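According to the working numbering, the sequence shown is numbered sequentially starting from 154.
Ideal Cβ positions, reconstructed from N, Cα and C, are used throughout, including at glycine.
Since the structure is predicted, the reported quantities are computational estimates derived from the model, not experimental observations.
For reference, the structure is listed below as structure tokens.
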Amino acid sequence: MVYIVFMLILLLPTIAGFGAIFQKLFGNVFLGISALLLSGVFFISMLFTTIAFFFPLNIFIETGTLAIGIASFFYLKIHLLFWDFFSKVSRFFFEIALVIVLLASYYPFILDHFGYYVPTIQWITEFGLVQGISNLDLLLGQMSIWHLFEAGFSNFADPFLRINALVLLIYLIYIFEKKSWIHLLFLPVLFLFSQSPSPDLPVIAIALIVLNEYLNHNKNASLLFAFSVFVFALKPTMIWLPLFGALYSLVILKTNLKFIIPGVVVLLVFFIKNILILGFDLFPVQLIGLGFLWK
Numbered sequence: 154m155v156y157i158v159f160m161l162i163l164l165l166p167t168i169a170g171f172g173a174i175f176q177k178l179f180g181n182v183f184l185g186i187s188a189l190l191l192s193g194v195f196f197i198s199m200l201f202t203t204i205a206f207f208f209p210l211n212i213f214i215e216t217g218t219l220a221i222g223i224a225s226f227f228y229l230k231i232h233l234l235f236w237d238f239f240s241k242v243s244r245f246f247f248e249i250a251l252v253i254v255l256l257a258s259y260y261p262f263i264l265d266h267f268g269y270y271v272p273t274i275q276w277i278t279e280f281g282l283v284q285g286i287s288n289l290d291l292l293l294g295q296m297s298i299w300h301l302f303e304a305g306f307s308n309f310a311d312p313f314l315r316i317n318a319l320v321l322l323i324y325l326i327y328i329f330e331k332k333s334w335i336h337l338l339f340l341p342v343l344f345l346f347s348q349s350p351s352p353d354l355p356v357i358a359i360a361l362i363v364l365n366e367y368l369n370h371n372k373n374a375s376l377l378f379a380f381s382v383f384v385f386a387l388k389p390t391m392i393w394l395p396l397f398g399a400l401y402s403l404v405i406l407k408t409n410l411k412f413i414i415p416g417v418v419v420l421l422v423f424f425i426k427n428i429l430i431l432g433f434d435l436f437p438v439q440l441i442g443l444g445f446l447w448k
């Protein structure tokens with residue numbers, strides 16, 4: 154538990170710092186420190202995926218990321234927002250946070266943990282994304298962008314792969330910021346994925362946040378669609394979310410098609426990753442073959 158608390162203390166400012174950089178460059182998806190943290194997760198995930206095309210996500214990449222994130226956290230005065238939130242939030246928040254830390258400290262019981270998650274993350278930290286690696290091990294062909302995000306922090310900040318506890322805490326912050334108490338009902342299900350770097354937890358949590366923003370008439374169609382595509386990139390079975398976001402933006406918000414541009418960029422990164430390691434654009438679908446020799 155002490156280790157997980159240390160991980161949270163180290164990574165929350167780092168991710169919030171990158172979230173502040175993201176908001177300076179691209180704007181706010183919504184208001185609050187949960188938006189900062191969610192933007193940071195998105196931004197770092199895309200950065201790590203891009204870096205992994207050229208370099209392994211080793212301790213040098215991690216150290217640089219931590220330094221930039223924490224420096225931005227203080228330089229952009231994000232620590233004042235954190236102090237304002239944590240000094241005013243109710244005791245109930247800290248009680249639930251303690252439960253998250255407690256449950257995340259348990260031994261991993263998901264069968265994929267040692268057979269899929271651990272070797273995939275170790276491969277990324279040692280070699281990055283390798284052309285045609287699926288021919289060596291098909292499991293490595295379905296590596297999620299979430300594993301790239303986890304790999305980038307697995308050398309020092311989170312060597313025991315408990316980063317899903319961080320996502321649960323971000324989701325909890327969102328619930329208390331938005332006072333969306335109905336979302337507390339989803340926490341017991343998410344607790345089951347807190348001991349492993351399973352993409353299922355961030356997929357469910359981020360999808361619920363994005364869906365809630367759509368239902369609350371958030372008009373930032375461009376960033377919401379980009380986050381919807383990001384959820385799809387974490388787990389392609391979530392194809393319904395970007396489709397819902399596109400229909401909502403076109404039919405309800407009546408925006409022009411320019412809103413899809415950030416989402417298309419995310420989608421291109423996702424497809425390039427798949428083509429590099431698998432030879433096809435979407436694992437395990439092999440309908441569109443572009444004739445690459447390593448397929």
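In whole angstroms, give me the CA-to-CA distance for Tyr-269 and Lys-177. 37 Å
Range covered by the alpha helix (DSSP H) that runs through Tyr-401: Tyr-401 -> no alpha helix (DSSP H), and no H or E assigned at all.
Residue of Phe-196, Gly-180, Ala-169 minimising C-alpha distance to Ile-231: Ala-169
If I follow the unbroken alpha helix (DSSP H) through Pro-336, where does it start and stop? The displayed chain sequence assigns His, not Pro, to residue 336. Per DSSP, His-336 belongs to no alpha helix (DSSP H) and is neither H nor E.
In angstroms with no decimal places, state the Cα-to-Cα distance between Leu-255 and Phe-246. 14 Å
Do the CB positions of Leu-345 and Ile-253 come within less than 8 Å of each other? Their beta carbons are not under 8 Å apart, which means Leu-345 does not touch Ile-253 by this criterion.
State the DSSP-derived secondary structure class of Trp-393, mapped to helix, strand or coil. Shown here, Trp-393 sits in a helix according to DSSP, grouped into three states.
Could you check which residue in Leu-291, Glu-366, Leu-410 has the C-alpha nearest to that of Lys-448? Nearest C-alpha to Lys-448: Leu-291.
Do you know how far the Cα of Leu-251 is from the Cα of Ala-374? 35 Å
Considering only the alpha carbon of each residue, which of Glu-215, Asn-369, Leu-200, Asn-427 lies closest to Glu-279? Glu-215
In this structure, does DSSP put Arg-315 in helix, strand or coil? Arg-315 falls in the coil class under three-state DSSP.
I'd like the list of long-range same chain contacts for Phe-183, defined as Cβ closer than 8 Å, with 5 residues on each side in sequence excluded. Glu-366, Asn-371, Asn-373
Whole-angstrom distance between Ile-430 and Gly-180, CA atom to CA atom: 33 Å
Quick one: grab the DSSP three-state call for Ser-375. helix
Just how far apart, CA to CA, sit Ile-414 and Asn-317? 29 Å
By alpha-carbon positions, which one of Leu-191, Leu-354, Phe-208, Ile-428 ends up nearest to Trp-276? For Trp-276, the closest of Leu-191, Leu-354, Phe-208, Ile-428 by C-alpha to C-alpha distance is Phe-208.
Ends of the alpha helix (DSSP H) at Asn-427? 414-430
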